[in-house]
């Protein structure tokens, strides 16, 4: 990798509670002077249960130029623990294979458009 920004990464959030990220495989990567050009594929999320402090319980955002492939969502049960609203599932540029129980319904809520700057 040369002159790259986020050539390969797993995003985490500051101040988040401890969690686990495992069995991820990166292989044969050559990136030169490109930003965010990593194709994500063969990723599964299985048997995930619990609560989310934010309404966005599931959020999968993939690149429009390199959409995610072979993503699986199986048996997801996450409730919003906040004071108002239900948990939502948001997806962009991915068509996951869905099986088992899905709460919130997989990829059922649109991702809000980013506001455009005003002059």
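Residue numbers (our numbering): 3 to 121.
In this text, a Cβ means the ideal position worked out from N, Cα and C, and glycines have one as well.
Between residue 106 and residue 59 the beta-carbon gap is near 6 Å, inside 8 Å, which marks them as a contact. When C-alpha distances from residue 27 are compared across 43, 73, 65, the shortest belongs to 43.
For the pair residue 46 and residue 52, the Cα-to-Cα distance works out to about 17 Å.
Shown here, residue 30 sits in coil according to DSSP, grouped into three states, outside any helix or strand. In terms of CA proximity to residue 21, 50 leads the group 41, 78, 50.
Sequence-distant partners of residue 69 (beyond 5 residues in either direction) whose C-beta falls short of 7 Å from its own C-beta, in its chain, are 95, 96. Here residue 105 is bridged, per DSSP, to 79. Among the bridge pairs identified by DSSP, residue 53 is matched with 81. Put simply, the backbone Cα of residue 98 is about 5 Å away from that of residue 73. Check the Cα spacing between residue 75 and each of 87, 83, 101: the tightest is with 101. Under DSSP, residue 19 shares a beta bridge with no residue.
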